[in-house]
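Residue numbers (this note's numbering): 21 to 121.
If you want it as structure tokens, here you go:
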């Protein structure tokens, strides 16, 4: 179903696609296929993607920049290379430790 929704969206040649938990109900193989398809389409068509997820492994693998929200407010934002920096706010550090290790 996610592939069909993405195909329909991409066919309208958007500048931005907002995706809220697009991989949450998928098995690992299908998640990987969807991410590869999304990254391929993004490179070939050139749209921006706002990818909302709790899965930090996927976020880290596809993102250039990451934002962390706490109670609906942005509390941190950084390039993915800076994810493991010790200068992150405490909530960001705790979230990363909880879900990345």
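Backbone N, C-alpha and C define an ideal beta-carbon position, used for all residues, glycine too.
Quick caveat: nothing in here was measured; it's all calculated off a predicted structure.
Residue 21: not part of any beta strand (DSSP E); DSSP gives it neither H nor E. If you draw a 10 Å sphere on the C-beta of residue 34, you find fewer than 16 other C-beta atoms in it, and that means exposed.
When rounded, the separation of the alpha-carbon atoms in residue 22 and residue 75 is 17 Å. It is roughly 7 Å from the alpha-carbon of residue 79 to the alpha-carbon of residue 73.
With three or more CB-CB distances shorter than 8 Å, the region 62-70 counts as touching the region 25-39.
The DSSP-derived three-state label of residue 35 is coil.
In the assembly as shown, residue 43 is a buried residue. Its beta-carbon has 16 or more other beta-carbons within 10 Å.
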